[in-house]
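Colleague: Residue numbers (the working numbering), protein chains in the order written: chain U, 1 to 354; chain Y, 355 to 708. All C-beta atoms, glycine included, are put in the ideal place defined by N, C-alpha and C.
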DNA sequence: AGTAATTTTGTAATCGATTACCTGAAATTT
DNA sequence: AAATTTCAGGTAATCGATTACAAAATTACT
């Protein structure tokens, strides 16, 4: 029953003794075709199990109806959620989503971009890798005239739209929340400062301290990779300080978790002795026995909006390159790891605060 | 600098005053072309920034070099990990991975299959939705002669390869482990029995009970959807029994977590009073303060092997349809929620056990 | 009826690359 | 020197669908 030899419009045209053009027009419901032939063609097409070969169409039209999404790893909750948002917005418009991973490696990133451009993709969505400094490979996308939309991790490139979350605000909100819980020596775990997202969270943190007249202690800020062990190690280091912190705002959830685990080992009470806030709102943060406060980046919405930006760009007149920057507002999810519920904590560092 | 008007082999042929055939052959390193022209063509192609239009190639060859992956939701850890495995195995072979979601809805599933077949996909990987009973839409894939590989959730269809995990064994191992911890009244949270994975886990559970001469109590087996609240509700119901269970083997991690949360509320000691084992080894299970024992399905390996099966099928002579069934061995990750560390628990139900 | 206007359908080029088959020239053989 | 190979490259068909332009068939109108 294998009909690998698929039916084409020529097969139909031969069978009906009409031209392929007529068949094509009938199938596309062209007004130039009489109702009777239209019906006949449609019926025959159905009978012969005709399927339009979209490759031929793509070649003719120059549109593949495929878009590429490039992320570091697809099995990270954040990225797969963004992709879900993109897929759900684009599928109804007839697009298919091709996924590519970079493994945080700029060379893979360049290869993936090239491979995608080769396949006549209609657009690219990407979150750059940590190791991306030089952006020539990305510039090529623009030079080709292929729409490009950054999400979350972007680079400043003229003519490229981007959908991000307000990381500065996220950092500010998290820090402000900690201050309002009575914390005064707030440590910060930052990430790779090559990425804007981390510098922005860091800046938000500093701005909140300033806003509330809280001194900034450089020794409380550390670069911590986004792994549990790194968080635990970072906390251990912090604990060697004479004056220990009474809060941690981490730019990631995994290392926040590592810090919490280490604190437990040290029998430090959370949130009484120290409050902890993470970033990303990974599913596990709310599942914990001690749920972790975190900043939600609304990834699925981010994907949906990135897709909308792309569609606008495609469907709008491509006379001028549109460069749209959408910044989403993050949401602080307050949970037990930092919620003192109004209870005033008699902590040394608070007494010291002016 | 927008060169949307991409260079074709004709542009090169015109510039060099040779035929397009020569250019094509030179680019493909055909032995019919002299070294000198080859070099010239290659150089010119580079200068003109030539990119092969793979759509044209695809149309000519009938191979799109795209495969489709159909899953319920891509932002579930299990599925995104499988997809990662597929992507990493297939990318080096020049394939691109298109992702599609079904939202556990058989109608979406059928639509996605049709859309993929329309685009001349070279193969389909899928995990069927919970609501898939009738499989006519899947049969169409085979009838078209398109390679199809099921992973995890499969249906019995002649000629379709499948890569799964040994769910029976997983269920058996989990239950056996609980028995060895001294548990004798083991409850089971099952899932939608329309899916083989759940019936197999259930069968594994029953087989283990039988093997160790432990009575099977129907009232301890419940259908529980894979949500936290469902797990909590199921536990509450179990707790209305005169004789309460001393262990739970859940076919999912989320509802196992829900049960644990409910047990905490009831101040039941885990693992002393009751042991809990989940299934899937979701990341959160090992992050908990009380880490949850679970069965790992090695999703990334599953994806990699599914891709290998596909490649074999494609590259092997397609004279006869190969139907390959690969069954992976799951891994039991024993954690605190069920690890009594050899301690004998003096529990009523144990005393009752013969 | 004869011509113009309109409707319906056909012809052939096109999208870009590949390739079976053919040709002309140089190299080799006898 | 004539005949035969070999080499390098050209011609044109092909993959399947669309569409500008041309042509035929039908209808309308005087």
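Cβ closer than 7 angstroms: which chain U residues qualify as neighbours of residue 451 of chain Y?
Modeller: 98 and 99
Colleague: Hey, is residue 472 of chain Y's beta-carbon within less than 7 angstroms of any beta-carbon in chain U?
Modeller: Closer than 7 angstroms: yes.
Colleague: Can you list, in chain order, the stretches of the beta strand (DSSP E) that have 3 or more residues and sit fully within the stretch 105 to 193 of chain U?
Modeller: Runs found: 123 to 126, 148 to 151, 161 to 165 and 186 to 190.
Colleague: So, for residue 647 of chain Y: in the same chain, excluding its five sequence neighbours on each side, which residues have a beta-carbon less than 6 angstroms away from its beta-carbon?
Modeller: 631, 688, 689, 691 and 692
Colleague: In the structure shown, what three-state DSSP assignment does residue 592 of chain Y receive?
Modeller: helix
Colleague: For residue 455 of chain Y, tell me which candidate among Y:580, Y:588, Y:433 and Y:441 has the shortest Cα-Cα distance.
Modeller: Y:433
Colleague: Just verifying my parser: in three-state terms, what is the DSSP assignment at residue 444 of chain Y?
Modeller: helix
Colleague: In the DSSP assignment, find the alpha helix (DSSP H) that holds residue 254 of chain U and state where it starts and stops.
Modeller: 253 to 265
Colleague: Taking the alpha carbon of residue 114 of chain U as the point to measure from, which residue in U:89, U:144 and U:308 has its own alpha carbon closest?
Modeller: U:144
Colleague: Residue 594 of chain Y: buried (16+ other C-beta within 10 angstroms of its C-beta) or exposed?
Modeller: exposed
Colleague: Which residues, taken in chain order from the stretch 268 to 287 of chain U, show a beta carbon closer than 7 angstroms to some beta carbon of chain Y?
Modeller: 283, 284 and 287
Colleague: Below 8 angstroms on the Cβ atoms is my contact criterion, and I expect residue 59 of chain U with residue 643 of chain Y to pass it. Report the Cβ-Cβ distance as a whole number of Å.
Modeller: Wrong, their Cβ atoms sit about 58 angstroms apart, outside the cutoff.
Colleague: When DSSP labels each residue in this structure, what does residue 303 of chain U get in the three-state scheme?
Modeller: helix
Colleague: Pick out whichever of Y:480, Y:395, Y:362 and Y:361 has its Cα sitting closest to the Cα of residue 376 of chain Y.
Modeller: Here the closest residue by C-alpha is Y:395.
Colleague: Measuring alpha carbon to alpha carbon, tell me which residue in U:167, U:203 and U:188 is nearest residue 223 of chain U.
Modeller: For residue 223 of chain U, the nearest C-alpha among the options comes from U:188.
Colleague: Would you identify the three-state DSSP class for residue 68 of chain U, choosing helix, strand or coil?
Modeller: Three-state DSSP puts residue 68 of chain U in a strand.
Colleague: Which bits of chain Y does residue 73 of chain U rub up against, with CB to CB less than 7 angstroms?
Modeller: 438
Colleague: If you draw a straight line from the C-alpha of residue 663 of chain Y to the C-alpha of residue 245 of chain U, how long is it?
Modeller: When rounded, the distance between both Cα atoms is 54 angstroms.
Colleague: How many angstroms separate the CA atom of residue 8 of chain U from the CA atom of residue 45 of chain U?
Modeller: About 9 angstroms.
Colleague: On a Cα-Cα basis, can you pick out the residue from U:52, U:20, U:198 and U:57 that is closest to residue 153 of chain U?
Modeller: U:198
Colleague: Excluding the five sequence neighbours on either side, which residues of its own chain have a C-beta within less than 7 angstroms of the C-beta of residue 178 of chain U, listed in chain order?
Modeller: So the list reads 186, 247, 249, 275, 277 and 338, once near-sequence residues are dropped.
Colleague: Would residue 374 of chain Y pass as a contact of residue 392 of chain Y if the rule is Cβ separation under 7 angstroms?
Modeller: no
Colleague: Determine the burial state of residue 573 of chain Y: buried for a count of at least 16 other Cβ atoms within 10 Å of its Cβ, exposed for fewer.
Modeller: That one is exposed.
Colleague: Residues of chain Y with CB under 9 angstroms from residue 181 of chain U, in chain order?
Modeller: Near residue 181 of chain U there are no residues of chain Y at all, since even the closest Cβ is about 21 angstroms away, more than 9 angstroms.
Colleague: Should residue 330 of chain Y be flagged as near chain U, meaning a C-beta pair shorter than 7 angstroms?
Modeller: Residue coverage of chain Y in this structure runs from 355 to 708, which leaves residue 330 of chain Y outside it and unanswerable.
Colleague: Answer yes if the stretch 615 to 629 of chain Y comes into contact with the stretch 463 to 477 of chain Y, meaning at least three C-beta pairs across the two stretches below 8 angstroms, and no otherwise.
Modeller: no
Colleague: Just to confirm the assignment, what range does the alpha helix (DSSP H) spanning residue 326 of chain U have?
Modeller: Segment 325 to 328 is the beta strand (DSSP E) holding residue 326 of chain U; no alpha helix (DSSP H) there.
Colleague: Kindly indicate which residue of U:164, U:95 and U:193 has the alpha-carbon position closest to the one of residue 133 of chain U.
Modeller: U:193
Colleague: May I ask you to report which of helix, strand or coil DSSP gives residue 197 of chain U?
Modeller: helix
Colleague: Less than 8 angstroms between C-beta atoms, sequence neighbours within five positions excluded: which residues of the same chain meet that for residue 330 of chain U?
Modeller: For residue 330 of chain U, where only same-chain residues beyond five positions count, the Cβ hits under 8 angstroms are 165, 166, 167, 169, 170, 173, 295, 296, 297 and 298.
Colleague: Tell me whether the beta-carbon of residue 481 of chain Y lies closer than 7 angstroms to the beta-carbon of residue 460 of chain Y.
Modeller: no
Colleague: Over the uninterrupted alpha helix (DSSP H) stretch that includes residue 45 of chain U, give me the two end residues.
Modeller: 35 to 47
Colleague: According to DSSP, is residue 338 of chain U helix, strand or coil?
Modeller: Three-state result, residue 338 of chain U: coil.
Colleague: Helix, strand or coil for residue 366 of chain Y per DSSP?
Modeller: Looking at residue 366 of chain Y - three-state DSSP - the assignment turns out to be helix.
Colleague: Chain Y beta carbons: is any one of them nearer than 7 angstroms to that of residue 225 of chain U?
Modeller: No, no contact with chain Y.
Colleague: Would you grab the beta carbon distance between residue 515 of chain Y and residue 677 of chain Y for me? Rounded to a whole angstrom, and I think it's under 8 angstroms.
Modeller: About 6 angstroms separates the two Cβ atoms, so the contact holds.
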